[in-house]
Structures are given as structure tokens and as C-alpha cells.
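Peer 1:
Numbering (my numbering), first residue to last: 527 to 655.
Right under this line is the structure:
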């Protein structure tokens, strides 16, 4: 994700015309505060019913969204969005790196996964995702 600013501009210039890049999108309607608060709850409920294994991960995304949109825990939301996310990212990287063994990582499958990730990113950017 750190390479997005380097990868995205050439892809966008190669796959879109000048006219397409100048299009300005307008918001169709304003989303009410009620909708912003209900969306994470409904989404989490549906995911928990359909894909229970993904519920904890999506639950954290929904919880963060709910904290930001509710406005009740402003200081906590600000801390989570800025300082805490950096600390958690560092610890996650350290813990994954500590468990990683070179003979398991340096394989042709790893390169294939990285190439597929870059292709998925390029296709997603082209499709506007």
C-alpha cells in the first residue's frame, strides 16, 4: 500500500483518457447521520449470518466506523485513527516478521502471490474500486 502513490498515476494515465480524468463527480444525495450509524450494524449482522469466519475482522471495521460517525467518543476515535493505528501496525509487522522463516517465504509461490496482488490492484484501480 505504501507504493500506491507511485503505482496509481501511471496506471490511471495509461488506461483513461484526458476527458475521463477531468470528470467531476457530484454527490447524488446527502447521507443522513442515522444511515451512517445503522449501516455498520446491518452490515455486521448480514456478514455474521452469511460469513461467520469474517465477522471479527469486519466487526472491527464497523466498530471504528461507528466510533467516528457517532461523535460520542471523539477523543477515542481521534486516537484510534492516528496514534494507535501506527502502533498496532508496527507490532503486527514485528510479530509476523518474527514468525517468518526465510525458507518458507522465499519460494516461487510467494512471487506469484505478489504478482497477483499487483494485478488485482491495477484492475481495481481501472474499475474505480
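Glycine included, C-beta positions come from ideal geometry on N, C-alpha and C.
Tell me whether residue 538 sits in a helix, a strand or coil according to DSSP, three-state version.
Peer 2: Residue 538 sits at position 12 when you count from the first residue of the chain shown. In this structure, residue 538 counts as helix in the three-state DSSP scheme.
Peer 1: CB residue 653 to CB residue 538, shorter than 9 Å?
Peer 2: Mapped onto the chain shown, residue 653 falls at position 127. Mapped onto the chain shown, residue 538 falls at position 12. No, these two residues do not count as a Cβ contact at 9 Å.
Peer 1: Going by C-alpha distance, which of 541, 568 and 629 is nearest residue 592?
Peer 2: The count along the chain shown starts at 1 and reaches residue 592 at position 66. For the residues 541, 568 and 629, the minimum Cα distance to residue 592 belongs to 568.
Peer 1: Determine, using beta-carbon pairs with one atom in the segment 580-587 and one in the segment 534-553, whether at least three such pairs fall under 8 Å.
Peer 2: Output reads no: the segment 534-553 does not touch the segment 580-587.
Peer 1: Specify, as a first and last residue, the run of the alpha helix (DSSP H) that residue 596 falls within.
Peer 2: Numbered from its first residue, the chain shown carries residue 596 at position 70. Unbroken alpha helix (DSSP H) run through residue 596: 581-596.
Peer 1: Do you know how far the Cα of residue 536 is from the Cα of residue 561?
Peer 2: Locating residue 561 in the chain shown gives position 35, counting from the first residue. Locating residue 536 in the chain shown gives position 10, counting from the first residue. Their Cα atoms are separated by approximately 36 Å.
Peer 1: In three-state DSSP terms, what is residue 558?
Peer 2: Translated into the one-based positions of the chain shown, residue 558 becomes position 32. Coil at residue 558, not helix or strand.
Peer 1: Just to confirm, are residue 563 and residue 596 a CB contact at a threshold of 9 Å?
Peer 2: Numbered from 1 along the chain shown, position 37 holds the residue referred to as residue 563. Numbered from 1 along the chain shown, position 70 holds the residue referred to as residue 596. The answer is yes: Cβ separation under 9 Å.
Peer 1: Note the first and the last residue of the continuous alpha helix (DSSP H) segment covering residue 635.
Peer 2: Working through the chain shown from its first residue, we reach residue 635 at position 109. From DSSP, the alpha helix (DSSP H) with residue 635 extends over 634-653.
Peer 1: Is it the case that the Cβ atoms of residue 590 and residue 606 are separated by a distance below 9 Å?
Peer 2: Translated into the one-based positions of the chain shown, residue 590 becomes position 64. Translated into the one-based positions of the chain shown, residue 606 becomes position 80. In contact: residue 590 and residue 606 (Cβ atoms closer than 9 Å).
Peer 1: Rounded to the nearest angstrom, how far is the Cβ of residue 570 from that of residue 588, given a contact under 8 Å?
Peer 2: Position 44 of the chain shown, counted from the first residue, corresponds to residue 570. Position 62 of the chain shown, counted from the first residue, corresponds to residue 588. Yes, they are in contact, since the Cβ atoms of residue 570 and residue 588 sit about 5 Å apart, within 8 Å.
Peer 1: Quick check on DSSP: helix, strand or coil for residue 630?
Peer 2: Residue numbering aside, residue 630 sits at position 104 when the chain shown is read from its first letter. It is helical.
Peer 1: When you compare the CB positions of residue 530 and residue 647, do they come within less than 9 Å of one another, or not?
Peer 2: Looking up residue 530 in the chain shown gives position 4. Looking up residue 647 in the chain shown gives position 121. Their beta carbons are under 9 Å apart, which means residue 530 touches residue 647 by this criterion.
Peer 1: Just the C-alpha distance for residue 528 and residue 555, rounded to the nearest angstrom, thanks.
Peer 2: In the chain shown, counting from the first residue as 1, residue 528 sits at position 2. In the chain shown, counting from the first residue as 1, residue 555 sits at position 29. Answer to the nearest angstrom: the Cα atoms are 33 Å apart.
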